[in-house]
Amino acid sequence: MEFRIATDELKKALYRAQGIVERKTTMPILANVLVNATKSGVTVTAFDLDIGIVSEHPAEVSKPGAVTLSAKYVFDIVQNLPDAQVTLKKLANNYVDISSGSAHFKIVGMAAEEYPKLPKEESAPLVQISGNTLLEMIKKTQFAISSDETRYILNGVYFEPQAGGKVRMVATDGHRLSLIERELTGDFKLKGGVIIPRKGLMELKRLLDEAPDAECHLGFAENSALFKKPGLTMVMRLIDGQFPEYQRVIPKEGEKVVMVPKMSFLESLKRIALLSADKSYAVRIGLEENKLLITANNPDLGEARDVLEVAYRGGDITIGFNARYLTDVLSVMETDEVSFELGDEHSPGVIHAPGDRSFTAVVMPMRV
Amino acid sequence: MRKIVHIDMDAFYASVEQRDEPSLRGRPVVVAWRGQRSVVCAASYEARTFGVRSAMPAMRAERLCPHAVFLPPDFTRYRAVSRQVHEILARHTSLVEPLSLDEAYLDVTEPKSGLPSATEVARAIRRSIREELRLTASAGVAPNKFLAKIASDWRKPDGLFVIRPHQVMDFLAPLPVGRIPGVGKVMEGKLAAMGISTVGELRAVAAVELEQRFGSQGRRLHELAHGIDESPVQPERPVQSISAEDTFERDQPLEALGPTIRRLAERVWAAAAREPERIGRTVVLKLKTAEFKLLTRSHTPPTPPASAQELVSIALSLCGRVELPERTLYRLVGVGLGNFRDTAPARPQLKLFD
Chain A
1 MEFRIATDEL KKALYRAQGI VERKTTMPIL ANVLVNATKS GVTVTAFDLD IGIVSEHPAE
61 VSKPGAVTLS AKYVFDIVQN LPDAQVTLKK LANNYVDISS GSAHFKIVGM AAEEYPKLPK
121 EESAPLVQIS GNTLLEMIKK TQFAISSDET RYILNGVYFE PQAGGKVRMV ATDGHRLSLI
181 ERELTGDFKL KGGVIIPRKG LMELKRLLDE APDAECHLGF AENSALFKKP GLTMVMRLID
241 GQFPEYQRVI PKEGEKVVMV PKMSFLESLK RIALLSADKS YAVRIGLEEN KLLITANNPD
301 LGEARDVLEV AYRGGDITIG FNARYLTDVL SVMETDEVSF ELGDEHSPGV IHAPGDRSFT
361 AVVMPMRV
Chain B
369 MRKIVHIDMD AFYASVEQRD EPSLRGRPVV VAWRGQRSVV CAASYEARTF GVRSAMPAMR
429 AERLCPHAVF LPPDFTRYRA VSRQVHEILA RHTSLVEPLS LDEAYLDVTE PKSGLPSATE
489 VARAIRRSIR EELRLTASAG VAPNKFLAKI ASDWRKPDGL FVIRPHQVMD FLAPLPVGRI
549 PGVGKVMEGK LAAMGISTVG ELRAVAAVEL EQRFGSQGRR LHELAHGIDE SPVQPERPVQ
609 SISAEDTFER DQPLEALGPT IRRLAERVWA AAAREPERIG RTVVLKLKTA EFKLLTRSHT
669 PPTPPASAQE LVSIALSLCG RVELPERTLY RLVGVGLGNF RDTAPARPQL KLFD
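Read top to bottom, the protein sequences are chains A and B.
Counted from 1, the first sequence has number 177 at position 177 by the working numbering; the numbering is strictly sequential.
Each number in the working numbering comes from the position in the second sequence (counting from 1) with 368 added on.
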């Protein structure tokens, strides 16, 4: 194997691999990327047995071949090369010579034959989608994914095609829930919803962020998802299991509805939560006539209080919340005002844009 | 100078059995579960003359003393008797640190019974245990816990031994280093390699050298060799961890451990429920392979497990983090709940669903 490639191209390929390769693993080769040079160019593959990406790059290949190399070390090297071009050449015993300008590196690699094979997902019916829309959907649900590894089913986002060319994405950790419905026209040929794991979703987000306007395709087959954009293919295993019946926990309409200026609400929550007890981010929210009060008290520090002027005429209520659950939601919303709906102090609070429930966040209160 | 008493019940479980069943008196009694891998919980002194010791495999005890009476342990009864012992101890001081059902340290520097010396306290305790419970206990009296424990063993069974402050150095000098708590086979070997086999020889080594070789453990060795042990008697320490484990009759593969893990987790949960003011945050799964390789996996969920079911499911899920080859067989599995804290005032996050 021998090829010459633009340093920036190789850097891009290795950057994409960083989030996927496993550092702590019983299979050392999973810390490597598979570099494969063919007549048509070079592909760089990263795979952790659940998520794999194949990144294609133009290169002058003088001798086709393949080898695997440490994703981390080679990325560090490539970031520090002196020249805009770099040559990779496989030597005996899977050593690889990396040369750029006056610099030479001789790096230990591992045989390409030992690299695990990515699942072939040619059967997946691919649907062309808007990268921007998918990116928005990921950003507005990812924060509600459960990080409790024992609640495996909740360690991902539920992807559920709806009638009329829409797709719903839902994430929940059992304490709060985030739902978004957007147009992603096309037939995914799915019988119901599927659960996309957090790590795969984060990688997908990173790839979409690179160029959200690029032509993107998404498809599902068996128990995996396939994502393609020019020069890149991603395969990931889905979470196997039944997502909870989320519709059940979304209240129809709260008894108490208030329009709140989003930025002031967000900033006030962050400010007051500084005084919440034991890093619980517990704050109390009080609604009175034309007033929204936010308070917190910490037995060791003291107390904090803030007031927002709002148009409100429902009954008085004081309810506890984890401020972070609210700020997570407010930070991803674009509207100047948000609709905040409450029932009683034990019922969930609901946030959505005024008159638009296509993005809805549900947050359970705290007992305070 | 502190005055510490160590009380150690003689062949406790076996003695309780002999007391309650007159036909067992004078006969070798071994308390152990039946089974390939069970170990001896207690052996009466009659059984000990045949070489039976506690913690020895039950099979071996059976070979050594085939005519012994083997009884399954009845911890409920032993616990009840242990409480009665504790009541006797508590008459003399509130500074009682139980080590197990049959052992405790007492700080009797200022006994509330007003007896003139620690030796008198030890005598009174032994007398009460004999008269009220019809059982015997050995007692050690010394200026600290470490010496008191050695002393209680010195005249066992049914004995009393006192180490007075001025006798400490002479008493310790000829003892093998293995008598020092924390010196096991490995440390003994390392010390032997340095030409040290007695406490007196250990004392001759400079503190700096011990510390260089063994770190903080070296410093501790140096102190103990000089009869210094400042560790206080800690009455009823709040629970730090609760665990249960089981050794299989036959080694099992990982996928067969589910039912045992479930049972152990339920047992741990039941024990934890008896400590409502403390809450365990970390779930631990412990495994020992057929080759005696020990591994543990733990998980601290964002909110502590709140039900037996939750504990069971976390313990089971930890199996997924065992990365040994599938054909690995296990001889032991244990489930623990650790990292206990005082229960925080309730401010729970309500749930959308379970």
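Every residue gets a Cβ at the ideal spot worked out from N, C-alpha and C, and that includes glycine.
Treat the numbers as computed from the prediction; the structure is a model and nothing was measured.
Who are the neighbours of residue i on chain A, taking C-beta pairs under 7 Å?
{"i": "B:P669", "result": "D148 and T150"}
Anything in chain B within Cβ reach of residue i, meaning under 8 Å, just list it in chain order.
{"i": "A:G343", "result": "Under the 8 Å cutoff, chain B gives no residues; its nearest Cβ is about 12 Å from A:G343."}
{"i": "A:N80", "result": "Result: empty, since nearest Cβ-Cβ is about 34 Å, beyond 8 Å."}
{"i": "A:V249", "result": "L720 and F721"}
So what does DSSP say about residue i, is it helix, strand or coil?
{"i": "B:P627", "result": "helix"}
{"i": "A:K140", "result": "coil"}
{"i": "B:H590", "result": "helix"}
{"i": "A:F105", "result": "strand"}
{"i": "B:N512", "result": "coil"}
{"i": "A:P116", "result": "coil"}
{"i": "A:N290", "result": "coil"}
{"i": "B:S391", "result": "helix"}
{"i": "B:E643", "result": "coil"}
{"i": "B:K517", "result": "helix"}
{"i": "A:H57", "result": "strand"}
{"i": "A:L208", "result": "helix"}
{"i": "A:N297", "result": "strand"}
{"i": "A:Q128", "result": "strand"}
{"i": "A:S331", "result": "helix"}
{"i": "A:P28", "result": "helix"}
{"i": "A:K376", "result": "Nothing in the structure corresponds to residue 376 of chain A, since chain A is present only between 1 and 368."}
{"i": "A:G200", "result": "helix"}
{"i": "B:S681", "result": "helix"}
{"i": "A:F321", "result": "strand"}
{"i": "A:P348", "result": "coil"}
{"i": "B:E500", "result": "helix"}
{"i": "B:C409", "result": "coil"}
{"i": "A:N36", "result": "strand"}
{"i": "B:M555", "result": "helix"}
{"i": "A:R23", "result": "coil"}
{"i": "A:D8", "result": "helix"}
Just to make sure I have the definition right: I need the residues of chain A whose C-beta is within less than 9 Å of the C-beta of residue i. Which are they?
{"i": "B:I647", "result": "Within 9 Å Cβ-Cβ: nothing; B:I647 doesn't reach chain A, min ~13 Å."}
Mind pulling the chain A residues with CB within less than 8 Å of residue i?
{"i": "B:S681", "result": "T150"}
Name the chain B residues that come within less than 7 Å of residue i, Cβ to Cβ?
{"i": "A:H352", "result": "Under the 7 Å cutoff, chain B gives no residues; its nearest Cβ is about 16 Å from A:H352."}
{"i": "A:P348", "result": "L720"}
{"i": "A:V67", "result": "Within chain B, no residue comes near A:V67; the closest Cβ sits about 26 Å away, beyond 7 Å."}
{"i": "A:V283", "result": "Those do not exist, as A:V283 stays about 11 Å from chain B at its closest Cβ, beyond 7 Å."}
{"i": "A:P244", "result": "F721"}
{"i": "A:N322", "result": "Q717"}
Spell out whether any CB of chain D is found under 9 Å from the CB atom of residue i.
{"i": "B:S685", "result": "Any reference to chain D falls outside this structure, whose protein chains are A and B."}
Just to check my reading of the structure: residue i and residue j have Cβ atoms closer than 8 Å, yes? What is that Cβ distance to the nearest angstrom?
{"i": "B:S485", "j": "B:R459", "result": "That belief does not hold up - the Cβ atoms of B:S485 and B:R459 are roughly 16 Å apart, past 8 Å."}
{"i": "A:Y378", "j": "A:N290", "result": "Chain A is shown only over 1 to 368; residue 378 of chain A falls outside these bounds and no answer can be derived."}
{"i": "A:C216", "j": "A:I138", "result": "Actually they are not in contact, since the Cβ atoms of A:C216 and A:I138 sit about 12 Å apart, beyond 8 Å."}
{"i": "A:M236", "j": "A:S224", "result": "6 Å"}
{"i": "A:A124", "j": "A:G219", "result": "4 Å"}
{"i": "A:K262", "j": "A:E337", "result": "6 Å"}
{"i": "A:A71", "j": "A:V21", "result": "4 Å"}
{"i": "B:R699", "j": "B:A658", "result": "5 Å"}
Looking at the ligand NAP, does it come within less than 8 Å of residue i, judged from the CB to the closest heavy atom?
{"i": "B:G583", "result": "The ligand NAP is absent from the structure shown, which contains no ligand whatsoever."}
Problem set entry | the stretch 622-637 of chain B: positions lying closer than 8 Å to chain A by Cβ | none
Exercise. Between the stretch 539-564 of chain B and chain A, which residues of the former have a C-beta closer than 8 Å to a C-beta of the latter?
Worked result: none
Exercise. Is there contact here, the stretch 647-654 of chain B with the stretch 676-691 of chain B, by at least three beta-carbon pairs under 8 Å?
Worked result: yes
Exercise. Counting pairs of beta carbons, one from the stretch 197-212 of chain A and one from the stretch 96-105 of chain A, are three or more of them closer than 8 Å?
Worked result: no
Problem set entry | Residues within the stretch 167-178 of chain A neighbouring chain B, beta-carbon criterion of under 8 Å | T172, G174, H175, R176 and L177
Problem set entry | Near-chain B residues of the stretch 328-343 of chain A (beta-carbon distance less than 7 Å), N- to C-terminal order | none
Problem set entry | the stretch 328-347 of chain A touching the stretch 562-577 of chain B, judged by at least three CB pairs closer than 8 Å | no
For this session: Pair every Cβ in the stretch 351-363 of chain A with every Cβ in the stretch 167-185 of chain A, then say whether three or more of these pairs are closer than 8 Å.
Result: yes
For this session: Specify whether the stretch 509-518 of chain B and the stretch 372-385 of chain B touch according to this definition: at least 3 beta carbon pairs, one from each stretch, less than 8 Å apart.
Result: yes
Problem set entry | Contacting positions in the stretch 355-366 of chain A - beta carbon closer than 7 Å to chain B | V362, M364, P365 and M366
Exercise. Do the stretch 109-121 of chain A and the stretch 67-83 of chain A meet, that is, are 3 or more Cβ pairs less than 8 Å apart?
Worked result: yes
Exercise. At a cut of 8 Å, does the stretch 391-408 of chain B reach the stretch 529-540 of chain B through at least three beta carbon pairs?
Worked result: no
Exercise. Is the stretch 158-174 of chain A touching the stretch 142-149 of chain A, taking contact as three or more C-beta pairs under 8 Å?
Worked result: yes
Exercise. Are the stretch 576-583 of chain B and the stretch 662-675 of chain B touching, with three or more C-beta to C-beta distances below 8 Å?
Worked result: no
For this session: Spell out a yes or no on whether the stretch 415-434 of chain B and the stretch 447-456 of chain B are touching, meaning 3 or more CB-CB pairs, one atom from each, closer than 8 Å.
Result: no
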